[in-house]
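Novice: Top to bottom, those sequences are chains P and D.
In terms of my numbering, the first sequence is residues 3 to 112.
In terms of my numbering, the second sequence is residues 250 to 364.
Yeah, the Cβ is synthetic: ideal placement off N, Cα and C, and Gly gets one too.
Being a predicted model, the structure only gives us computed values, none of them experimental.
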Amino acid sequence: GENVEQHPSTLSVQEGDSAVIKCTYSDSASNYFPWYKQELGKRPQLIIDIRSNVGEKKDQRIAVTLNKTAKHFSLHITETQPEDSAVYFCAARRNNDMRFGAGTRLTVKP
Amino acid sequence: GAGVSQTPSNKVTEKGKYVELRCDPISGHTALYWYRQSLGQGPEFLIYFQGTGAADDSGLPNDRFFAVRPEGSVSTLKIQRTERGDSAVYLCASSLGRGGADTQYFGPGTRLTVL
Chain P
3 GENVEQHPST
13 LSVQEGDSAV
23 IKCTYSDSAS
33 NYFPWYKQEL
43 GKRPQLIIDI
53 RSNVGEKKDQ
63 RIAVTLNKTA
73 KHFSLHITET
83 QPEDSAVYFC
93 AARRNNDMRF
103 GAGTRLTVKP
Chain D
250 GAGVSQTPSN
260 KVTEKGKYVE
270 LRCDPISGHT
280 ALYWYRQSLG
290 QGPEFLIYFQ
300 GTGAADDSGL
310 PNDRFFAVRP
320 EGSVSTLKIQ
330 RTERGDSAVY
340 LCASSLGRGG
350 ADTQYFGPGT
360 RLTVL
């Protein structure tokens with residue numbers, strides 16, 4: 003089955019700096035890669051996703067890149083703000099089988 | 250419209266007891282997923298329904314876990330003879346069920362504590 007690894011497990015940045023979180027996956031048939039943000043005690047919320055036929059997608063301060071050959075994808079957050087502090091999860095999906103990474107705790111210091 | 254809802258929000262039970270966790274998906278979503286999330290971990294897949302049938306139950310950890318979705322809408326996750334290791338947040342998600350890349354929307358979860 004699919005195996006998703008996510009790094010780093012914790013990330014601390016200064017407000018205004020960029021943050022990058024990386025994930026690798028094992029199943030080359032996976033074709034959908036969402037990123038979720040989860041605040042303490044809350045449900046995971048989709049923040050951006052990318053399909054396997056696209057290499058990069060951007061939405062304001064958030065971007066995701068996908069390298070299918072290397073089987074890795076990354077989340078980029080620019081101009082970070084304290085409200086970006088949360089746990090971020092990547093996931094890889096083949097059909098309806100979605101597997102999550104272990105999460106990255108991002109802290110943005112004011 | 251309403252999102253995915255789950256009840257109860259918290260459940261405390263004693264070791265060996267039986268529990269039922271309920272999920273109400275978004276109206277019109279044919280796909281429904283159950284995940285388990287332990288502290289500091291990502292959601293772990295348990296089971297996926299397409300309509301009334303369990304299309305993939307490969308994530309259920311053992312035969313104490315069972316889930317149903319008799320009318321293709323509400324789903325119930327059932328855990329028999331609960332163990333302390335079952336303590337976690339149980340998340341439900343639903344999607345349109347078109348396969349491929351359709352978005353999963355999560356419910357708020359049920360925090361299960363087994364004493």
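Between 361(D), 337(D), 355(D) and 322(D), which lies nearest to residue 276(D) when the distance is taken from Cα to Cα?
Specialist: The option with the nearest alpha carbon to residue 276(D) is 322(D).
Novice: Shortest alpha-carbon distance to residue 47(P) belongs to which of 38(P), 54(P) and 4(P)?
Specialist: Minimum Cα distance to residue 47(P) is reached at 38(P).
Novice: Looking at residue 95(P): is its Cβ nearer than 7 Å to the Cβ of residue 32(P)?
Specialist: Yes, these two residues count as a Cβ contact at 7 Å.
Novice: Which first and last residues belong to the beta strand (DSSP E) in which residue 313(D) is found?
Specialist: Premise fails: residue 313(D) is in no beta strand (DSSP E) and is neither H nor E.
Novice: Short of 7 Å in beta carbon distance, which residues of its chain neighbour residue 268(D), apart from the five on each side in sequence? Order them along the chain.
Specialist: Result list for residue 268(D): 260, 262, 328, 331 and 361, in chain order.
Novice: Which one of 353(D), 351(D), 347(D) and 341(D) has the shortest CA to CA distance from residue 285(D)?
Specialist: Residue 341(D) is the option with its Cα nearest to residue 285(D).
Novice: Taking residue 52(P) as the reference, which of 105(P), 35(P) and 103(P) has the closest Cα?
Specialist: Nearest C-alpha to residue 52(P): 35(P).
Novice: What whole-angstrom Cβ distance do residue 22(P) and residue 76(P) have, given they're in contact under 8 Å?
Specialist: Between residue 76(P) and residue 22(P) the Cβ distance is about 6 Å, and since that is below 8 Å, they are a contact.
Novice: Within its chain, find whatever has a CB closer than 6 Å to the CB of residue 265(D); leave out the 5 residues flanking it on each side and keep chain order.
Specialist: Same-chain partners within the cutoff: 330.
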